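Please read the structure below before turning to the comments.
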Amino acid sequence: MSVDVLRIVLGDQLTPSLSAIRDGDKSRDVLLMMEVAEETTYARHHKKKIAFIFAAMRGFAGEMQANGWHVDYVRLDASANHGSFSDEIARSIGRHQPRRIITTEAGEHRVLAAQEAWRAKFDVEFDLRPDDRFLCSKADFAKWAQGRRQLRMEYFYRDMRKKTGLLMEGNEPAGGRWNFDKKNRKPANADLFMPAPIRFDPDDETREVLDVVAAQFEDNFGDLRPFWFPVTRADAERAAAHFMKEALPQFGDFQDAMLRGEHFLFHSVLSPLINVGLLDPLALCRAAETQWKDGAAPLNAVEGFIRQIIGWREYVRGIYWLNGPDYISKNALEAKRNLPWMYWSGETDMACMAEAIGQTKEEAYAHHIQRLMVTGNFALLAGVDPRQVHEWYLAVYADAFEWVEAPNTIGMSQFADGGLLASKPYAASGAYIDRMSDYCDGCRYNVKQRVGEDACPFNSLYWNFLGRHRAHLSANPRMSQMYRTYDRFSDDVRVALHRQADEFLAHLDENGTDR
Ligand code: FAD
Ligand code: DLZ
Ligand code: SF4
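Quick note: the sequence shown uses our numbering, first residue 44, plus one each step.
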């Protein structure tokens, strides 16, 4: 067969309507997919993350083959695999002698730069196409951002609602409000009936992937088994339908809640599937809207879910591309501490941290409030170098790709971009964690105490953080109430709080954990 076009599909581009594929000719073109060492090592990925991506890639190759495509699939353990995209493309060009190469823009600066280099390197006509699986293109986001003093997600989100017509009644938002977040802050009780994501038994292909990952990534973070993620489009759609029926109705109420031993609560656990392209974000939002229209889910739940996807997800992508590759090096608060070892070991007496890190090891998943208000909050208060925090989040979650992870970590969680993404730091004392979870009940620390051997570390760290960053933060109107409280403390109390925090941090540095 003489090959016309070699169409490259990366591991997070598993969508049949991808711009690199959709105008293809099955009789003359070849799809190229590559498992390569360079992608498995740019971050020290969780074992489950690597297994999920490889299994989903193989599932996609199978899906496309069943649809009549010729797929040139390079496995990680193929004896001639040279380990990089560019070497494997060169070998594939040698095999097929295509007239042209077509690829879709990668989701991160690092690989996009590599794609630009392929254009120069290979002596073949080369077409690099935009990734239009998002509602808002890079150019449209830049246009939206131009001339705005502040880039606030809420205004961006309203534009996306108007653009899609989701939850719109004419020009007005359904229910008379754009955002029902205030209703979405209930703590959960352990006696609630708790839905669980569907668990899928690994098929033969996935079992092979698990063996490869077990053998080659033994020292990586996290548990490989049990492995139950869906890895095919059909199973991903089953998982989404299950979420819509079982969890969406209460998604809103308990969006910020945390419970011991409950890893998922009413969250969808769909982010890995959306991010690799197995699920279409807009179709999910339409399905959620239908649940509301049918009376099967309340508006606060459906609006909350849709906001996360057409609001936050699109907005953070816009921020990522607007800011260039240096965004991950931002460090507005000049935080320098090394990431404490407990982030890898999970060994700590702080019950909230042990829960969030422990389930991250087990599942390659933690929900948003665990990431933001437990592990993220702790790193922020302790003054951990945001670059190291970013590297951790990029490694440990199955849904972690830099375009979505970096703005959430550098911007939202660590305030390292100086407030470009978030209007104030997400810093909180133990009281927040106590209000939204049952973690404190089983903790060796006392959440009500600020100083003393049993005092919850989040308390002194919180006031210490405010004290340390006064020059930077006190002019922020959204911080003024916190600073008023801080200023009402007597000098003795302030000194005791800072001493408590300093001692805790010194200990943390010495041992790598808080023990
Ligand atoms: P649900 O709560 O069910 O939400 C539904 C969907 O909305 C998610 O599947 C996701 O696609 C989208 N969504 C929700 N919140 C966000 C958000 N803040 N940004 C972008 N999309 C969002 N999300 C990732 O997809 N990849 C990451 O690498 C990632 N890193 C993060 C790092 C930090 C420090 C923080 C605070 C958040 C991060 N998030 C990341 C955002 C969010 O935590 C996850 O999208 C969410 O926890 C995924 O679980 P879920 O599918 O059950 O989400
Ligand atoms: C994350 C990842 C991993 C671990 N391995 C591969 C791989 O071997 N081949 C591949 O095409 N993609 C992989 N990915 C996803 C890529 O890193 C992702 O497509 C790029 O980060 C896009 O910017
Ligand atoms: Fe976390 Fe403090 Fe509560 Fe312990 S007492 S679980 S450290 S917030």
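Backbone N, C-alpha and C define an ideal beta-carbon position, used for all residues, glycine too. Predicted model, so just to flag it, every value in this text is computed and none were measured.
Minimum C-alpha distance to residue i - residue among the options
i      : options                        : result
ASP68  : VAL48, GLY54, ASP530           : VAL48
MET396 : PRO315, PHE444, CYS499         : CYS499
LEU548 : LYS288, VAL252, ASP262, LEU382 : LEU382
GLU561 : GLU151, PHE264, SER503, TRP384 : Past the edges of the chain, shown from 44 to 558, lies residue 561, and the structure says nothing about it.
ILE144 : ILE400, HIS306, LEU155, VAL46  : VAL46
PHE169 : ILE132, GLY208, THR58, ASN502  : ILE132
GLU289 : LYS181, SER456, ASP254, PRO341 : PRO341
LYS234 : LEU308, LYS373, VAL359, ALA375 : It should be noted that the sequence gives Asp, not Lys, for residue 234. The candidate whose alpha carbon is nearest that of ASP234 is LEU308.
PHE444 : ILE51, ALA474, ILE96           : ILE96
TYR475 : PRO230, ASP296, ALA217, PRO173 : PRO230
ASP202 : TYR440, LEU178, GLY190         : LEU178
GLN543 : TYR529, SER372, SER533, TYR505 : TYR505
PRO269 : ILE317, LYS90, GLU305          : LYS90
GLN293 : VAL319, GLY347, VAL255         : GLY347
ARG430 : GLU398, LYS225, THR452         : THR452
ILE362 : PHE199, SER122, LEU267         : PHE199
VAL355 : GLU496, PHE184, TYR436, ALA471 : First, the amino acid is wrong: residue 355 is Trp here, not Val. It is PHE184.
GLU215 : PHE223, LYS205, ASP224         : LYS205
ASP254 : ASN124, LEU267, LEU464         : LEU267
GLU377 : LEU423, TYR358, ASN343         : LEU423
ALA344 : MET196, ASP224, LEU302         : ASP224
GLN193 : ALA375, PHE286, LYS491, LEU463 : LEU463
ASP299 : PRO141, ARG228, TYR469, SER372 : ARG228
The ligand DLZ heavy atom lying under 6 Å from the CB of residue i
i      : result
GLU1   : Past the edges of the chain, shown from 44 to 558, lies residue 1, and the structure says nothing about it.
GLU78  : yes
GLY54  : yes
ALA397 : no
ILE317 : no
GLU82  : yes
ALA123 : no
VAL154 : yes
ILE93  : yes
GLY150 : yes
beta-carbon residue i near the ligand FAD non-hydrogen atom, thresh 6 Å
i      : result
GLN351 : yes
TYR440 : yes
VAL312 : yes
TRP355 : yes
LEU644 : What is shown of the chain runs 44 to 558, which leaves residue 644 out entirely.
TYR436 : yes
HIS411 : yes
VAL359 : yes
GLY105 : no
Enclosing beta strand (DSSP E) for residue i [first to last residue]
i      : result
PHE169 : 168–172
THR146 : 143–147
ILE51  : 48–51
Start-to-end residues for the alpha helix (DSSP H) that takes in residue i
i      : result
VAL114 : Premise fails: VAL114 lies in the beta strand (DSSP E), 113–117, not in any alpha helix (DSSP H).
VAL73  : From DSSP, VAL73 is part of no alpha helix (DSSP H) but of the beta strand (DSSP E) over 73–77.
ILE64  : First-last for ILE64: undefined, no H or E at that position.
VAL22  : Only positions 44 to 558 of the chain appear in the structure, and residue 22 is not among them; the question remains open.
GLY137 : 128–139
TRP446 : 445–449
GLU197 : 196–207
LYS164 : 152–164
HIS515 : 513–516
MET385 : 385–388
GLY295 : GLY295 -> no alpha helix (DSSP H), and no H or E assigned at all.
LEU327 : 324–336
ARG478 : 473–479
VAL432 : 429–439
GLN524 : 523–531
PRO315 : 314–319
LYS90  : 90–109
CYS593 : The first residue shown for the chain is 44 and the last is 558, placing residue 593 beyond what the model contains.
HIS285 : 276–289
TRP355 : That residue, TRP355, is in no alpha helix (DSSP H); it is neither H nor E in DSSP.
Residue i CB to nearest heavy atom of the ligand PLP below 6 Å
i     : result
ILE96 : No copy of the ligand PLP occurs in the structure displayed; its ligands are the ligand FAD, the ligand DLZ and the ligand SF4 alone.
Check your reading: residues with Cβ closer than 5 Å to the ligand SF4 heavy atoms: A Cβ closer than 5 Å to some heavy atom of the ligand SF4 marks a residue here, and those residues are MET393, ALA394, CYS395, GLY473, ILE476, TYR482, CYS483, CYS486, TYR488, VAL490, CYS499, PHE501.
How do the segment 243–261 and the segment 311–321 stand: do at least 3 beta-carbon pairs fall below 8 Å, yes or no? Cβ pair count under 8 Å is below three, so no.
Okay, do the segment 71–78 and the segment 110–122 touch, 3+ Cβ pairs below 8 Å being the bar? Between the segment 71–78 and the segment 110–122, the count of Cβ pairs shorter than 8 Å is three or higher; the stretches touch.
Whether or not the segment 199–215 and the segment 380–394 are in contact is what I'm after, with contact meaning three or more pairs of Cβ atoms, one per stretch, closer than 8 Å; do they touch? No, because fewer than three Cβ pairs between the segment 380–394 and the segment 199–215 fall closer than 8 Å, the two stretches do not touch.
Could you tell me whether the segment 89–108 touches the segment 268–282, where touching means 3 or more Cβ pairs closer than 8 Å? With a cut-off of 8 Å on Cβ pairs, the segment 89–108 is in contact with the segment 268–282, counting three or more such pairs.
Is there contact here, the segment 513–530 with the segment 477–484, by at least three beta-carbon pairs under 8 Å? No: the two stretches stay apart, fewer than three of their Cβ pairs being nearer than 8 Å.
Just checking, does the segment 365–385 make contact with the segment 434–449 on the three C-beta pairs under 8 Å criterion? Judged by Cβ distances under 8 Å, the segment 365–385 makes contact with the segment 434–449, as three or more pairs qualify.
The segment 52–63 / the segment 138–157 touching (three or more Cβ pairs under 8 Å): The segment 52–63 vs the segment 138–157: in contact.
Using 8 Å as the cut-off, can you tell me whether the segment 315–335 makes contact with the segment 116–130, which would need three or more C-beta pairs spanning the two stretches below that distance? These segments do not touch.
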